[in-house]
Every structure is written in C-alpha cells, then in structure tokens.
Amino acid sequence: MKRVLLSSVIAAIAAAVALVSGPVVAAGKAPGCRTAKLIVPWKAGGGTHIIFSIFEKTILNMDVPSKIKVVTVPGQGGNKGAKEAAKAKPDGCTLFAIHQSAVTSYLNGRVDFHFDGFDMVANLTSTPDIVGASANVPWNNFAEMQKAILAAPGTVNVGATFGSTSQFYWLILEEQTGMKFKFVPYDGTRERMTALLSGAVQLGGLNVASGRKYIESGELKAFAIASAKRSKHFPDMPTLKELGVDMIYALDRGIVAPKGTDKAVIEYWSQVFKQAAEDKDLLAQMDSKGTDVNWVGPDGYRKWADKTFADHEKVAIKIGMWKQQ
Numbered sequence: 528m529k530r531v532l533l534s535s536v537i538a539a540i541a542a543a544v545a546l547v548s549g550p551v552v553a554a555g556k557a558p559g560c561r562t563a564k565l566i567v568p569w570k571a572g573g574g575t576h577i578i579f580s581i582f583e584k585t586i587l588n589m590d591v592p593s594k595i596k597v598v599t600v601p602g603q604g605g606n607k608g609a610k611e612a613a614k615a616k617p618d619g620c621t622l623f624a625i626h627q628s629a630v631t632s633y634l635n636g637r638v639d640f641h642f643d644g645f646d647m648v649a650n651l652t653s654t655p656d657i658v659g660a661s662a663n664v665p666w667n668n669f670a671e672m673q674k675a676i677l678a679a680p681g682t683v684n685v686g687a688t689f690g691s692t693s694q695f696y697w698l699i700l701e702e703q704t705g706m707k708f709k710f711v712p713y714d715g716t717r718e719r720m721t722a723l724l725s726g727a728v729q730l731g732g733l734n735v736a737s738g739r740k741y742i743e744s745g746e747l748k749a750f751a752i753a754s755a756k757r758s759k760h761f762p763d764m765p766t767l768k769e770l771g772v773d774m775i776y777a778l779d780r781g782i783v784a785p786k787g788t789d790k791a792v793i794e795y796w797s798q799v800f801k802q803a804a805e806d807k808d809l810l811a812q813m814d815s816k817g818t819d820v821n822w823v824g825p826d827g828y829r830k831w832a833d834k835t836f837a838d839h840e841k842v843a844i845k846i847g848m849w850k851q852q
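Heads up: the sequence shown at position 274 corresponds to 801 in my numbering, and the numbers run straight through without jumps.
See the structure below:
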C-alpha cells in the first residue's frame, strides 16, 4: 500500500515538473509549422525591422513550440509585403508586421484593404510623435508656434511624405487646433530629417529614436510630444494634452494574420508575443530606442484599429483625399 502511495506521489511530482519545464505557452494552439514567417514590409535596418528583429531573437530563446523568422519584403511603401501577407494561407505560419500606414495606404487608394483585411493578433509597441522644428525658427514653445501659424495660415512649411502617417499627424493636428500648414513633399524619413536639419522646412515630425541627439545638441527644437504622458527621455517636454490639444499620435506597431486564421492559433501567437513583451532584456532594448512596449490582445487591438481608421478617414474626407463609401 505504501509503495502504491509513494508511486502516486512520485508520478504527481513528475507531472508537475513537466508542466513547469514544458512550453511556457498553454493558451491557444500552436500552428503546424515550427517557424512562422513574419513579413516586415520595409527595408532591413529600418525602425520597424529593428524592433521586430528584437522580438524574433527574444522568442527564439523562449520555450515555445513555434517561433518566428523575420523576412523583409520591401517595396510600394509597405504595400508589396502587405499584399503578400493578405494572400497567404491562414494557417498561422505567416504573420505580418503592421502599423498605421495600412490605413493611410488604403485612404490614398494604393490598396483595397487595411486592418480589415487581417485578423488581429496583438499590438506590441508605440513610438509617440514629437512636434519638431528647425533650430532657425523664432518660436521657443508650442504656444508661440501656434500663435504665429494661426496669424499666418498656410505659410509655415512642414516636411511630410504625402498620404503617409507623417502627413496625417499634422493633418489631425490641424483638425484639433485650427492651424493650417503648408506641406512640402519628401520621399521618406531620411529626406524629411535632412530638410528639417538644413532649415529647408520649418516643422517636421520627430520621435525619441530619430530626434533625440539633435534635440539634445540644439540642432533641432521640440515643442510637444503626442503621448499620454511625458517621455522619461525628455521630462521637460510637455504632452499635447497638457497644452490643451486632445491628441495622442504614435506609430503603433503590431502583428496581424491572414483573414480566417483559427482563433486558437491567434491566441497562441498573441500569448507568445505577450511573454516576449514582458522580457526584461527586450524592454531595455526598446527603452534605449525610445519605443514604449504596449501589448494589447486581439479584441482590444481590433477596437483600436477601428477607431484609428475612423480618425484618419475623417481627415481624409475633409481634405478631399477620400470619399466615404
């Protein structure tokens, strides 16, 4: 009798150890592949590629049955990779790195889908925009800038890539404040930054990662950050909300899957990325890049996407870019 009892105890302990030492993720169902392809639709070395490469390395070291491999598919302003991901088999073996460019590309007619073309997995990071300015401008704070622009609407130059998040940020700021800017087109982030540093334009969007060294050196000015709270990297920089502008705007990067992916597989990936987002080394790396980690699961991410689309659609209709269907 004692032997039977002892055997039962040993078996129970073994089962408990197996549960502890087995795969960390218990929720959901892993896909049939050991490694899923995570499509990043921009060039290697860019901000989005770097961020998801950090997630890739973190997940590689996690005890989970299926991991990810970042694959860059650049071209067409992120739309080449988006099209490939949208057409992929919904088996959980293809994932897509996405942000608000999915909405702006749809509204300017470059693709016929946005977040609605995918199943949501999880939002992961948030990189707030900063109201940046050339060092040559005569204003020293947001109030002085706003006063000058309200007095002479449409005369102050803003560098932006037309139809992209870099323009919509300022269009929404116009909507919230009554200011009117004169937009000057540039192909990408590097070109916009060069124009701002040289004084070719007076205003332009920044973030902590791209603008920190220039702000700290005095080569650029920064008037406000479009986040819910002040950045710890710039504790003296006010948020737009503090200045009376009800606006939060950040590049929010997340993961989606082809439409029709099994909900249990969606849950699996959502929890994998949640655990990665809690990793101390990952958090430290993201912090060094001025990027906040903000994991949100499938349901909350869908609500966010719907609101984000509605906010951008309103502006696109107002400026004549988009006619409501």
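All C-beta atoms in this analysis are idealised placements derived from N, C-alpha and C, irrespective of residue type, glycine included. Remember, it's a predicted structure, so these values are computed and weren't measured experimentally.
Supposed close pair residue i, residue j - CB separation, criterion 8 Å
i      : j      : result
Leu587 : Ala624 : At roughly 16 Å, the Cβ-Cβ gap does not stay under 8 Å, so Leu587 and Ala624 are not in contact.
Thr766 : Arg757 : 6 Å
Trp822 : Gly619 : Contact flag wrong, Cβ pair sits at about 19 Å.
Gly644 : Ala613 : 5 Å
Gly705 : Leu677 : 6 Å
Thr692 : Asp819 : With 8 Å as the limit, Thr692 and Asp819 do not qualify as a contact, their Cβ atoms being about 17 Å apart.
Asp646 : Ala784 : 5 Å
Leu723 : Gly817 : Wrong, their Cβ atoms sit about 17 Å apart, outside the cutoff.
Ala791 : Lys556 : 4 Å
Met764 : Ala753 : Not really, about 11 Å apart at Cβ, beyond 8 Å.
Assigned exposure category for residue i - 16 Cβ within 10 Å defines buried
i      : result
Leu730 : buried
Asp656 : buried
Arg719 : buried
Lys596 : exposed
Ala832 : buried
Ser725 : exposed
Pro558 : buried
Thr562 : exposed
Ile578 : buried
Ala539 : The predicted model places Ala539 with a pLDDT of 46, which falls under 50 and marks its position as unreliable; any figure quoted below should be read in that light. So Ala539 counts as exposed.
Ala811 : exposed
Ser548 : With a pLDDT of 38 at Ser548, under the threshold of 50, the modelled position of this residue cannot be trusted; read the value that follows with caution. Ser548 is exposed by the Cβ-count criterion.
Ser815 : exposed
Reduced DSSP secondary structure (H/G/I, E/B, other) of residue i
i      : result
Ala539 : Confidence is the limiting factor: at Ala539 the pLDDT is only 46, short of 50, which leaves the residue's position unreliable and the question unanswerable from this model.
Asn635 : coil
Met589 : coil
Met647 : strand
Phe710 : strand
Ile759 : The sequence as given places Lys at residue 759; Ile does not occur at that position. In this structure, Lys759 counts as coil in the three-state DSSP scheme.
Pro825 : helix
Thr654 : strand
Thr599 : strand
Thr470 : Look at the range of the chain in this structure, 528 to 852, and you will see that residue 470 is not part of it.
Asp779 : strand
Asn684 : strand
Gly732 : strand
Ala749 : strand
Val567 : strand
Ser725 : helix
Ile742 : helix
Val772 : coil
Gly604 : helix
Ser754 : coil
Residue i vs residue j beta-carbon contact at 8 Å
i      : j      : result
Ser628 : Gly605 : yes
His626 : Leu733 : no
Glu611 : Val600 : yes
Ile775 : Ala649 : no
Gly824 : Pro617 : no
Val842 : Leu700 : no
Gly609 : Glu746 : Note on residue identity: the sequence assigns Ala, not Gly, to residue 609. Cβ distance not < 8 Å, so Ala609 and Glu746 don't count as in contact.
Residue i Cβ short of 7 Å to the ligand MN heavy atom set
i      : result
Ile625 : Among the components modelled here there is no ligand, and therefore nothing to report on the ligand MN.
Practice task
Report yes or no: do the region 676–691 and the region 699–711 share at least 3 C-beta pairs separated by less than 8 Å?
Solution key: Counting C-beta pairs closer than 8 Å gives three or more between the region 676–691 and the region 699–711, which meets the contact rule.
Exercise for the section: Spell out a yes or no on whether the region 655–671 and the region 836–845 are touching, meaning 3 or more CB-CB pairs, one atom from each, closer than 8 Å. Expected result: For the pair of segments examined, the region 655–671 was found not to touch the region 836–845: the number of CB pairs separated by less than 8 Å stays below three.
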